[in-house]
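Novice: Okay, here's the structure, questions in a sec.
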Amino acid sequence: MKTPDRKPIVSWALYDWANSAFATTVMAGFFPIFFKQYWSQDVALTHSTFYLGVGNSVASLIIVILAPILGAMADTGGLRKRMLATFASLGVLATGSLYLVQVGMWPFAILLYAIAVVGFSGANTFYDSLLVIVSP
């Protein structure tokens with residue numbers, strides 16, 4: 164029996180760790196707090212909560228539309244790593260760009276957040292497709 168190559172396994176595990184960090188810190192932790200207390204501080208709480216929900220819903224709808232297409236691409240195998248890098252980069256750039264959003268610019272914050280979520284979710288499609296490569 165051939166010993167599996169450890170590099171893909173370690174790479175997958177490190178991405179899994181980073182992926183979890185985005186979900187717990189940005190999506191669940193910091194973005195909702197920054198959104199209400201900084202970007203939309205002059206907007207009524209009910210309205211800012213609604214806008215955040217709309218942003219999440221739009222991002223989810225985009226992923227629902229893209230998921231079958233991305234899944235088919237992932238199943239073909241040839242573009243897995245390239246598409247993982249593309250969608251992860253999209254998420255990283257959108258998340259990093261939140262630094263540039265000033266007080267009161269909540270529509271821009273929602274737009275960047277939605278783009279980051281699409282990048283995160285799209286990357287997950289290809290990340291999940293790599294599991295068959297790293298599991299024995």
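All residue numbers for the sequence shown refer to this note's numbering, where the first residue is 164 and numbers rise by one. Each residue gets a CB set at the ideal place from its N, CA and C atoms; glycine is no exception.
Using only the alpha-carbon positions, how far apart do ILE273 and SER298 sit?
Specialist: Straight-line Cα distance between these residues: approximately 37 Å.
Novice: Between TYR214 and SER174, what straight-line distance do the alpha-carbon atoms span, to the nearest angstrom?
Specialist: When rounded, the distance between both Cα atoms is 36 Å.
Novice: Please report the residue range of the alpha helix (DSSP H) in which MET246 lies.
Specialist: Start and end: 243-260.
Novice: State buried or exposed for SER220, treating a residue as buried only when at least 16 other CB atoms are found within 10 Å of its CB.
Specialist: With fewer than 16 other Cβ atoms within 10 Å, it is exposed.
Novice: With respect to the alpha helix (DSSP H) encompassing GLY234, which residues constitute its N-terminal and C-terminal limits?
Specialist: 208-239 is the extent of the alpha helix (DSSP H) around GLY234.
Novice: Does the segment 236-248 come into contact with the segment 180-196, if we say contact requires no fewer than three beta-carbon pairs (one atom in each stretch) closer than 8 Å?
Specialist: No: the two stretches stay apart, fewer than three of their Cβ pairs being nearer than 8 Å.
Novice: Is there at least one Cβ from chain D nearer than 7 Å to ASP168's Cβ?
Specialist: Absence of chain D from the displayed structure is noted, only one protein chain being present.
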